[in-house]
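Remarks on the structure that follows.
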Amino acid sequence: MAGLGGKTAIVTGASSGIGAATAAALAREGARVAGGARRVDELQTEIKLELDVTDRESCERFVETAVGKLGGLDILINNAGLGLGRDPFWKSTEEDEETVLETNVEGLIRMTRLCLPHIRDGGHIVNMGSIAGRQAYENAAVYVASKFAVRGFTYALREDLLGRPIRLTTVDPGLVETNFSRVRFRGDEEKAKAP
6 MAGLGGKTAI VTGASSGIGA ATAAALAREG ARVAGGARRV DELQTEIKLE
56 LDVTDRESCE RFVETAVGKL GGLDILINNA GLGLGRDPFW KSTEEDEETV
106 LETNVEGLIR MTRLCLPHIR DGGHIVNMGS IAGRQAYENA AVYVASKFAV
156 RGFTYALRED LLGRPIRLTT VDPGLVETNF SRVRFRGDEE KAKAP
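Quick note: the sequence shown uses our numbering, first residue 6, plus one each step.
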């Protein structure tokens, strides 16, 4: 990362894993960072704010407060996301399906819509995808669909923003040892550590 002194950033899902590591890296490079998460007590960012990307009012409050405290916005890291279960689609629940789609797709789009008017020229939107958004795998149909959607949204928004000096990137990690697997398996450490 080039030096980010004077830059400002919002990171969603910043309380653990990739989000926490990204927020810390941005801060080390000199950016002022507003972190958002449901677990505010676990945030390590300069500005710590509650954020539930599935709740429109929570997102609106977060963006208004974060942008106000930061004095503008240069970087948006849409990291909040989850997967639930590893069952065949027909055995998964509609509730889990809605939670995954509301978080991974609707929440990301909502945060982008709210933040975009505040992003300064030269800004950057980074959307957290997954290798699952490039290559499907079994027993994760809705999660895979959500990450294909993130990729498609990012590519389409890039087209919409042609001519504006705002970059868009999708980061597609593979398996990373974070809280993600513990959430997916509802706290079952044995399943979370299984290959």
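Backbone N, C-alpha and C fix where the C-beta goes; we use that ideal spot for every residue, glycine too.
Simplified DSSP state of residue i, which is helix, strand or coil
i: K12; result: coil
i: L173; result: strand
i: L144; result: Leu is not the amino acid found at residue 144; the sequence shown has Asn there. Reduced to three states, the DSSP call for N144 is coil.
i: G127; result: strand
i: L162; result: helix
i: R156; result: helix
i: G138; result: helix
Terminal residues of the alpha helix (DSSP H) in which residue i lies
i: T117; result: 113-120
i: T223; result: Any question about residue 223 goes unanswered here, given that the chain covers just 6 to 200.
Opposing strand residues paired with residue i [DSSP bridges]
i: N132; result: N83, T175
Exposure of residue i, with buried meaning 16 or more beta-carbon neighbours within 10 Å
i: D79; result: buried
i: P170; result: exposed
i: R115; result: buried
i: I136; result: exposed
i: Y142; result: exposed
i: L167; result: exposed
i: A150; result: buried
i: L48; result: buried
i: R61; result: exposed
i: Y160; result: exposed
Any chain D beta carbon closer than 9 Å to residue i
i: L106; result: The chain labelled as chain D is not found in the depicted structure, where only one protein chain is given.
For this session: Could you pull out every unbroken beta strand (DSSP E) segment of at least 3 residues lying fully inside the region 6-92, listed in chain order?
Result: Segments of the beta strand (DSSP E) lying fully in the region 6-92: 13-17, 37-42, 52-55, 78-83.
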